[in-house]
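**Student:** One structure, as structure tokens, below. Some questions next.
Chains as they are written, first to last, in the working numbering: chain A, 20 to 105; chain B, 159 to 457.
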């Protein structure tokens, strides 16, 4: 099965990176779920949690505010000024 | 002890003390460079991601946005100068200030009014000495820049940029900072921040992968509105980090040559002191011999 290459970055470091099956994030217009093969998108994130389901292991949640989510060729980048794993 | 010998001994002492200080500063900055470099590297993914996103919006939507379109006539230009809080870094600050001076002359020749934004105590001191007033200045914390400061500077700049020139806004923003090239080389660099030139740092798409048609959420204008201030901040933060790393490298270099110089002074003065001591002894001996001779012949 195809995988998503995910990286969560904040202003001063890369918070998390790895392969994932699914990502759920909250954008300014509502929740969005991303699976492999998603169309390219650039969205503004609302304050809240980003849930990443890695290929193996438990769900990773990160809090992000003031951020973006970009998807392109199964590469997902979550960029936030302050991002932290929680 | 002869007067001259004493003077030389004093000079040796003072050179030794100076050397201790400069050596310590050299070691301190050497250890800080590493950390500063790591921070530059760590901020890489963020600025790459943002640059990519900005160029994606700029490429895939044909919207006119104030931050991306070139105004017809540029009246006021802002120069942001990134200097350090402390000196003792060789030509670090004078380089960046000279570069900024040249840029200012160039902009003035094009008939633009120039306003300055200063970061770092040294540039503020430079302006104060020349009785020039900067538009705004930030001091402290240039050794280990905080993202909060970058955000503050970014907010101030974007706010000024949105204001029309007639009301005190600016039409163009340049940044001048020292780029960390290597431990030995730091180059002052000028970048035009706004209006945006998003060509830099974007990897050309590989031939076989067609550029994706992006979907924007909620819509391109809003995405751009949110993205651009962040982009500016990340550029400023990157400039601050680069400047901090360059400062530590420059300090290390300057302090190393100061220590070497102190070593040279110590050697020279030790030689001179030995000479003085020897000639003192020679003189004493000849005085004694002369005295003994005089006593002997007087009999």
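The beta-carbon is built from N, C-alpha and C at its ideal position, and this holds for glycine as well.
1. Report the CB separation of residue 328 of chain B from residue 318 of chain B in whole angstroms; it is logged as a contact under 8 Å.
2. State yes or no: is the beta carbon of residue 433 of chain B nearer than 8 Å to at least one beta carbon in chain A?
3. List, in chain order, every chain A residue whose beta-carbon is nearer than 7 Å to that of residue 389 of chain B.
4. Cα separation between residue 259 of chain B and residue 196 of chain B?
5. Any beta carbon of chain A sitting closer than 8 Å to that of residue 179 of chain B?
6. Buried or exposed for residue 425 of chain B, please, with buried defined as at least 16 other CB atoms from any protein chain shown within 10 angstroms of its CB.
7. Excluding the 5 residues preceding and the 5 following residue 364 of chain B in the sequence, name in chain order all residues of the same chain whose CB lies nearer than 8 Å to its CB.
8. Between the segment 164-171 of chain B and the segment 76-84 of chain A, can you find at least three pairs of beta-carbon atoms closer than 8 Å?
9. How do the segment 378-393 of chain B and the segment 306-321 of chain B stand: do at least 3 beta-carbon pairs fall below 8 Å, yes or no?
10. What does residue 29 of chain A reach in chain B if we use C-beta pairs closer than 8 Å?
11. Leaving aside the five residues before and after residue 160 of chain A along the sequence, list all residues of the same chain whose C-beta is less than 6 Å from its C-beta, in chain order.
12. Evaluate residue 432 of chain B with the Cβ neighbour count: other Cβ atoms within 10 Å of its Cβ, from every protein chain shown; 16 or more gives buried, anything less gives exposed.
13. In chain order, what are the residue ranges of uninterrupted alpha helix (DSSP H) at least 4 long that sit wholly in the segment 43-102 of chain A?
14. Could you pull out every unbroken alpha helix (DSSP H) segment of at least 4 residues lying fully inside the segment 421-456 of chain B, listed in chain order?
15. For residue 349 of chain B, collect the residues of the same chain with a Cβ closer than 6 Å to its Cβ; drop the 5 residues on either side in sequence, then sort them by chain order.
16. Does residue 161 of chain B pass the burial test, meaning 16 or more other C-beta atoms within 10 Å, or should it be called exposed?
17. Does residue 39 of chain A get closer than 8 Å to chain B when you measure Cβ to Cβ?
18. Beta-carbon within less than 8 Å of residue 434 of chain B's beta-carbon, same chain only, minus the 5 sequence neighbours each way: which residues are those?
19. Residue range of the beta strand (DSSP E) that residue 236 of chain B falls in?
20. On the DSSP letters alone, give me the boundaries of the beta strand (DSSP E) that residue 337 of chain B sits inside.
21. Would you kindly check if the distance between the Cβ of residue 253 of chain B and the Cβ of residue 346 of chain B is under 8 Å?
22. Please classify residue 351 of chain B as buried or exposed, where buried requires at least 16 neighbouring CB atoms within 10 angstroms.
23. For residue 449 of chain B, is the classification buried or exposed, using 16 other Cβ atoms within 10 angstroms of its Cβ as the cut-off for buried?
24. Thinking C-alpha only, which one of A/53, A/104, A/93 and A/58 is nearest residue 373 of chain B?
25. Taking C-alpha atoms, which residue in B/250, B/422 and B/430 lies nearest to residue 401 of chain B?
26. Leaving out five residues before and five after residue 256 of chain B in sequence, what residues of the same chain have Cβ atoms less than 8 Å from its Cβ?
27. Alpha carbon to alpha carbon, what distance is there between residue 278 of chain B and residue 177 of chain B?
28. Return helix, strand or coil for residue 291 of chain B, following the three-state DSSP convention.
29. What residues of chain B sit near residue 7 of chain A, judged by a beta carbon separation below 7 Å?
30. Return the residues of the segment 188-213 of chain B that lie within a Cβ-Cβ distance of less than 8 Å from chain A, sorted by chain order.
31. So which residues of chain A does residue 392 of chain B contact, with C-beta pairs closer than 8 Å?
32. Tell me the start and end of each unbroken alpha helix (DSSP H) in the segment 297-330 of chain B that is at least 4 residues and wholly inside, in chain order.
33. Looking at chain B, is there any beta carbon in it that lies within less than 8 Å of the beta carbon of residue 105 of chain A?
34. Sort A/87, A/101 and A/23 by Cα distance to residue 36 of chain A and report the nearest one.
35. Would you mind giving the Cβ-Cβ distance between residue 233 of chain B and residue 271 of chain B, rounded to the nearest angstrom? I have them listed as a contact below 8 Å.
36. Quick one: what's got a C-beta closer than 6 Å to residue 102 of chain A's C-beta in the same chain, skipping five residues either side?
**Tutor:** Answer, in terms of the structure:
1. About 5 Å; that satisfies the 8 Å criterion.
2. With 8 Å as the cut-off, residue 433 of chain B does not count as an interface residue toward chain A.
3. Per Cβ cutoff of 7 Å: no residues; residue 389 of chain B is ~10 Å from chain A at best.
4. Note on geometry: alpha-carbon atoms of residue 259 of chain B and residue 196 of chain B lie some 31 Å from one another.
5. The Cβ of residue 179 of chain B sits no closer than 8 Å to any Cβ of chain A.
6. Taking every protein chain shown into account, the CB of residue 425 of chain B has fewer than 16 other CB atoms within 10 angstroms, so this residue is exposed.
7. In this predicted model, residue 364 of chain B has a pLDDT of only 46, less than 50, meaning its place in the structure is not dependable; the value taken from the coordinates is given anyway. The beta carbon of residue 364 of chain B is closer than 8 Å to none in its chain, skipping five residues each way along the sequence.
8. Here the segment 76-84 of chain A makes no contact with the segment 164-171 of chain B; the two share fewer than three CB pairs at distances below 8 Å.
9. Because the criterion of three Cβ pairs below 8 Å is met, the segment 378-393 of chain B and the segment 306-321 of chain B touch.
10. Under the 8 Å cutoff, chain B gives 204.
11. With chain A covering only 20 through 105, there is no way to say anything about residue 160 of chain A.
12. By the neighbour-count rule (16 or more Cβ atoms within 10 Å), residue 432 of chain B is not buried but exposed.
13. Whole alpha helix (DSSP H) segments, 4+ residues: zero.
14. Within the segment 421-456 of chain B, complete alpha helix (DSSP H) segments of at least 4 residues are not found at all.
15. Within the same chain, residue 349 of chain B has close Cβ partners 333.
16. With a 10 Å radius around the Cβ and a threshold of 16 neighbouring Cβ atoms, residue 161 of chain B comes out exposed.
17. No, residue 39 of chain A lies away from the interface with chain B (no Cβ there is under 8 Å from its Cβ).
18. Answer for residue 434 of chain B: 160, 162, 163 and 166, listed in chain order.
19. Start and end: 234-240.
20. 330-338 is the extent of the beta strand (DSSP E) around residue 337 of chain B.
21. Yes, the pair counts as a contact, with Cβ atoms nearer than the cut-off.
22. Residue 351 of chain B is buried by the Cβ-count criterion.
23. Exposed is the call here.
24. Taking only the C-alpha atoms, the option nearest residue 373 of chain B is A/58.
25. The residue with the shortest Cα to Cα distance from residue 401 of chain B is B/250.
26. Sequence-distant Cβ neighbours of residue 256 of chain B in its own chain, meaning closer than 8 Å and more than five residues away, are 346.
27. In a straight line, the C-alpha of residue 177 of chain B is about 27 Å away from that of residue 278 of chain B.
28. Coil at residue 291 of chain B, not helix or strand.
29. Past the boundaries of the shown model lies residue 7 of chain A; chain A is included only from 20 to 105, so the question cannot be answered.
30. The residues in question are 197, 200, 201, 203, 204, 207, 208, 210 and 211.
31. The contacting residues are 30.
32. Complete alpha helix (DSSP H) runs here, min 4: 305-320.
33. Chain B, which has no Cβ nearer than 8 Å to the Cβ of residue 105 of chain A, makes this no.
34. The option with the nearest alpha carbon to residue 36 of chain A is A/23.
35. Confirmed, Cβ separation roughly 6 Å.
36. Excluding residues within five positions, the ones whose Cβ falls inside 6 Å are 27, 29, 34, 81 and 83.
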